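**Q** Let me begin by handing over the structure; questions about it come next.
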Amino acid sequence: MTAAGGGEPIGTDGRFRLHTDRPLDHLNGGQGQAFAVTDGEDESAARYAMVLPLGQPHRERLVGQLLQRPCHGTLCPLAAGLVGEAGGRRMALVFERPEGGSLGQAGLILPEQEIVGGLLPPLFDAIEALAVRHFNHRRIRPGTIFFLDAKHTRIVLGECVSAPPAFDQPRLFEPTERALAMREGRGEGALACDLYALGVTIAALILGLDVAAIAEDATPRIAQGSYAALVGRARLIPQMEVLLRGLLADDVAARWGLEEIRRWRGGTTDVPRQRGIGRRAPYGFPFRGTEWRVPRLLASELAQHRREALIAMREPAMELWLRHALGDVVMADEARRAVTAHQESPGDALADDLLVARVCRALDPQGPLRFRDLAVMEDGLAPVLAQAVASGDRPRLKTLSDLISGPLLVESTPVAGAAASLAKPFTLALQSWARDVSLGAGLERCLYEMCPQAPCYSPLLGGESENVEAILRALDRVIEDRSPAKTVFDRHIAAFIASRSRMLERRVMEITRNDGDPVQQSLAIILLLGELQAYFKIGPLRKLAAWSAAQLVPGIRQLRRASLRQHLLDDLPALAVAGDLQRVVQGLNLSQMLREDRQGFQEAVNQYRQLGRAIAGIDAAATARAATAYENGQWISALIAVLCLGLSLGSVVLRLL
Numbered sequence: 001m002t003a004a005g006g007g008e009p010i011g012t013d014g015r016f017r018l019h020t021d022r023p024l025d026h027l028n029g030g031q032g033q034a035f036a037v038t039d040g041e042d043e044s045a046a047r048y049a050m051v052l053p054l055g056q057p058h059r060e061r062l063v064g065q066l067l068q069r070p071c072h073g074t075l076c077p078l079a080a081g082l083v084g085e086a087g088g089r090r091m092a093l094v095f096e097r098p099e100g101g102s103l104g105q106a107g108l109i110l111p112e113q114e115i116v117g118g119l120l121p122p123l124f125d126a127i128e129a130l131a132v133r134h135f136n137h138r139r140i141r142p143g144t145i146f147f148l149d150a151k152h153t154r155i156v157l158g159e160c161v162s163a164p165p166a167f168d169q170p171r172l173f174e175p176t177e178r179a180l181a182m183r184e185g186r187g188e189g190a191l192a193c194d195l196y197a198l199g200v201t202i203a204a205l206i207l208g209l210d211v212a213a214i215a216e217d218a219t220p221r222i223a224q225g226s227y228a229a230l231v232g233r234a235r236l237i238p239q240m241e242v243l244l245r246g247l248l249a250d251d252v253a254a255r256w257g258l259e260e261i262r263r264w265r266g267g268t269t270d271v272p273r274q275r276g277i278g279r280r281a282p283y284g285f286p287f288r289g290t291e292w293r294v295p296r297l298l299a300s301e302l303a304q305h306r307r308e309a310l311i312a313m314r315e316p317a318m319e320l321w322l323r324h325a326l327g328d329v330v331m332a333d334e335a336r337r338a339v340t341a342h343q344e345s346p347g348d349a350l351a352d353d354l355l356v357a358r359v360c361r362a363l364d365p366q367g368p369l370r371f372r373d374l375a376v377m378e379d380g381l382a383p384v385l386a387q388a389v390a391s392g393d394r395p396r397l398k399t400l401s402d403l404i405s406g407p408l409l410v411e412s413t414p415v416a417g418a419a420a421s422l423a424k425p426f427t428l429a430l431q432s433w434a435r436d437v438s439l440g441a442g443l444e445r446c447l448y449e450m451c452p453q454a455p456c457y458s459p460l461l462g463g464e465s466e467n468v469e470a471i472l473r474a475l476d477r478v479i480e481d482r483s484p485a486k487t488v489f490d491r492h493i494a495a496f497i498a499s500r501s502r503m504l505e506r507r508v509m510e511i512t513r514n515d516g517d518p519v520q521q522s523l524a525i526i527l528l529l530g531e532l533q534a535y536f537k538i539g540p541l542r543k544l545a546a547w548s549a550a551q552l553v554p555g556i557r558q559l560r561r562a563s564l565r566q567h568l569l570d571d572l573p574a575l576a577v578a579g580d581l582q583r584v585v586q587g588l589n590l591s592q593m594l595r596e597d598r599q600g601f602q603e604a605v606n607q608y609r610q611l612g613r614a615i616a617g618i619d620a621a622a623t624a625r626a627a628t629a630y631e632n633g634q635w636i637s638a639l640i641a642v643l644c645l646g647l648s649l650g651s652v653v654l655r656l657l
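The opening residue of the sequence shown carries number 1 in my numbering; numbering runs sequentially from there.
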């Protein structure tokens, strides 16, 4: 990407211009880079764009919603579009640029009364504005709380759409049930996640916590409880203590929601204090030299040490510890069922993986799903899959395939309070697609079904693939780089199109049914692309039409009638020059021509066979008649000889008399 002249336009109307020679590193987020943007409607307005890496998954659905209807108190996208050269175009999201800095300065401490009276009201309003529309921010921390103006009069939450939910969120700001998940798999979560992050933010600003030092270590919070680990015995005003105990409750069901916050803002300070720590046994379960009293921490340790975990899980000691020390009969029964299922498949590596995953799930039912090297929330599975596809991580894709096609997702119970857990019918559909290797199915189909707003990740498109219409235009642009022998239709394009409607899915299935006949498969692909061109009223696609014509030449050469074959080859360039894919297919009517040619050839073959049989019959009849004539001639000759002999004898007798 290069910035030339007035900058590169973002979007179709050219209002915003990107300046890649003017980076804004303090606004970088996730893996995106921030650059200055000029607003054509108001050149004095402060704007910036977040430019994402090629194929980087982000919150596409939320982008679309906020573009149509911005949300008060949060930096919402003003525009979105692809930038860069063809073959490597990247998504750019435009936002209003905060001019007053953020609260992310190291060592910053704010007075409690200033937080209560000045900071919290706009933040609560912003979180509530998102929540009533069933959105979650998932990036709340001091570094993403900005002053929109240089005078520090307007406080806003930073943007939350340029990466998967909580992708760049330090683990410290993730609630304990999600803190142990991999960063791209933390999931959409629920309002409780934002309120927990706000609670940690408040504690950090009041106490001057060294966020960098404790950001990635979740063990103290899980072992002691978040409030005890973060606030400890610090003396707070009663109003603040009540708020933090409510926001930092580790039990999702006990954590405050909007109603409790409204009561607190109204002056109520007698909200019952909630227990902040999860289940804890009076004595620990020994594993790798440590006594583990908290099942969530034990689950994390087991998942990271699979070989030792398999030995420990097969022993009855774990079930006894869960049943008697922890006093959790349900958890113990789940662990025992996992072991029983494993005993039915001895020596199976996948069965070992399932055993570890099932026992870890029993120990931490609200935590991430732990399978091999994955630790992912159910509602965070889609970004993990998208990330693996974008990076081409084959081992990760194999793990995801085994996870989705296996029984774990189907067995899993949706996490309470999660906004986007996978429903049982949908997990069954994902399982079916993952097991199907045909076009329009596979992991690619799972990805586009889980991410209905995601672009197509086909490497053929160079990043230009927001929707079906864009796919056709992108193919027409990149086709000149591909020889006619190469395809422009791969598994990603097939799955993307099939996921958009059931009618299109049937068309893709027709392509799959013809995978044994290259000519018929090419015809089915071109016909599908032609129907899409007509449906979206896309103008001429001349390069794609020329490629389509080249794909039909082998089919034309299959025609046995030389005059027809030459006639179609002569007509083909004229049909392709208009750029209408349907005209190429319908003008040639190649499918019918091939059927008629086969039918005519078969009729000729049948006629030839009939004539051959007739000739053979005639030849056979002539031979039979010759034999009969010979036999009859022999008999007549003998008869004549006898008669002649009789006549001779008669004449002799007459002479003697």
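Glycine included, every Cβ here is placed at the ideal spot set by N, Cα and C. Owing to the predicted nature of the structure, the values given are computational and were not obtained by experimental measurement.
Looking at the structure shown, is Phe426 part of a helix, part of a strand, or coil, going by DSSP?
**A** In this structure, Phe426 counts as helix in the three-state DSSP scheme.
**Q** Which same chain residues, not among the five before or five after Leu529, have their C-beta less than 6 Å away from its C-beta?
**A** Leu581
**Q** Kindly list the residues whose CB is nearer than 6 Å to the CB of Met50, restricted to its own chain and excluding five residues on each side of it in sequence; keep chain order.
**A** Gly32, Ala34, Leu93 and Ser162
**Q** Buried or exposed, going by whether 16 or more other CB atoms sit within 10 Å of the CB of Trp547?
**A** buried
**Q** Between which residues of its own chain and Trp292 is the CB-CB distance below 6 Å, once the five residues before and five after are set aside?
**A** Gly284, Phe285 and Leu298
**Q** Can you confirm whether the stretch 175-184 touches the stretch 234-244 when touching is taken to mean that 3 or more C-beta pairs between the two stretches lie within less than 8 Å?
**A** no
**Q** What's the gap between the Cα of Arg17 and the Cα of Pro57?
**A** Straight-line spacing of the CA atoms in Arg17 and Pro57 works out to 23 Å.
**Q** Under a three-way DSSP split, which group does Tyr48 fall into?
**A** strand
**Q** What residue range does the alpha helix (DSSP H) around His658 cover?
**A** In this structure the chain extends from 1 to 657, so residue 658 is not present and cannot be described.
**Q** Does the Cβ-Cβ distance between Glu99 and Ile206 come in under 8 Å?
**A** In this structure, Ile206 does not lie closer than 8 Å to Glu99 by Cβ.
**Q** Helix, strand or coil, according to DSSP, for Phe16 in the structure here?
**A** Secondary structure at Phe16: strand, using DSSP grouped into helix, strand and coil.
**Q** Are the Cβ atoms of Ser401 and Ala434 separated by less than 8 Å?
**A** yes
**Q** Please work out which residues of its chain come closer than 6 Å, Cβ to Cβ, to Leu302, disregarding the five sequence neighbours upstream and downstream, and give them in chain order.
**A** The answer, listed in chain order, is Ala309 and Cys360.
**Q** Measure the alpha-carbon distance for Thr20 versus Pro518 and round it to whole angstroms.
**A** Using only the alpha carbons, I get a separation of about 46 Å.
**Q** Residue ranges of each beta strand (DSSP E) run of no fewer than 3 residues wholly in the stretch 147-217, ordered along the chain?
**A** 155-157
**Q** With DSSP collapsed to three states, give me the class of Arg24.
**A** Per the sequence shown, residue 24 should be read as Leu rather than Arg. It is coil, neither helix nor strand.
**Q** Under the three-state reduction of DSSP, which class applies to Asp255: helix, strand or coil?
**A** A quick correction: the sequence has Arg, not Asp, at residue 255. In this structure, Arg255 counts as coil in the three-state DSSP scheme.
**Q** Looking at the unbroken alpha helix (DSSP H) that takes in Gln551, where does it start and where does it end?
**A** Counting along the chain, the unbroken alpha helix (DSSP H) around Gln551 starts and ends at Arg542 to Arg557.
**Q** Given a cut-off of 8 Å on the beta-carbon distance, is the pair Arg314 and Val339 in contact?
**A** Going by beta carbons, Arg314 and Val339 fall inside the 8 Å limit.
**Q** Alpha carbon to alpha carbon, what distance is there between Val577 and Ala416?
**A** Its pLDDT being 49, under 50, Ala416 is placed unreliably by the model, and the measurement read from it follows with that caveat. C-alpha separation (whole angstroms): 58 Å.
**Q** Classify Thr268 as helix, strand or coil using the three-state DSSP reduction.
**A** In the structure shown, Thr268 sits in coil (DSSP, three-state: anything other than H, G, I, E or B).
**Q** Please list, in chain order, all residues of the same chain as Glu128 whose beta carbon is under 7 Å from its beta carbon, the five residues on each side excluded.
**A** Short of 7 Å from the beta carbon of Glu128, and not among the five residues preceding or following it, lie these beta carbons of its own chain, in chain order: Leu258.
**Q** Does the stretch 162-172 touch the stretch 108-123, meaning 3 or more C-beta pairs lie closer than 8 Å?
**A** no
**Q** By a C-beta neighbour count over all protein chains shown, 10 Å radius and 16 as the cutoff for buried, is Arg221 buried or exposed?
**A** Burial call: buried.
**Q** Are at least three pairs of beta-carbons, each pair with one atom in the stretch 492-503 and one in the stretch 452-472, less than 8 Å apart?
**A** yes
**Q** Is it the case that the Cβ atoms of Met91 and Leu52 are separated by a distance below 8 Å?
**A** yes
**Q** Between the beta-carbon of Gly442 and the beta-carbon of Val508, is there less than 8 Å?
**A** no
**Q** Take Arg262 as the anchor and find which of Val294, Ala46 and Phe124 has the nearest alpha-carbon.
**A** Phe124
**Q** Please say whether Leu75 and Glu96 have beta carbons closer to each other than 8 Å?
**A** yes
**Q** Less than 8 Å separating the beta-carbons of Ile538 and Ile525?
**A** Contact flag unset, no.
**Q** Looking at Leu430: is its Cβ nearer than 8 Å to the Cβ of Leu409?
**A** yes
**Q** Whose C-beta lies closer than 8 Å to the C-beta of Leu472 among residues of the same chain, with five residues either side of it excluded?
**A** Here the set comprises Leu529, Leu532, Gln533, Phe536, Ile538, Leu541 and Leu544.
**Q** For Leu326, which residues in the same chain have their Cβ closer than 7 Å to its Cβ, ignoring the five residues on either side in sequence?
**A** Around Leu326: Arg279, Ala281 and Pro295.
**Q** Quick one, which of Gly104, Arg557, Ala79 and Arg598 has its alpha-carbon nearest Val211's?
**A** Gly104
**Q** Give the straight-line distance between the Cα atoms of Leu649 and Ala627, rounded to the nearest whole angstrom.
**A** Their Cα atoms are separated by approximately 33 Å.
**Q** Express the C-alpha separation of Ala621 and Asp615 in angstroms, rounding to a whole number.
**A** For the record, residue 615 in the displayed sequence is Ile; it is not Asp. Taking the straight line from one Cα to the other gives about 10 Å.
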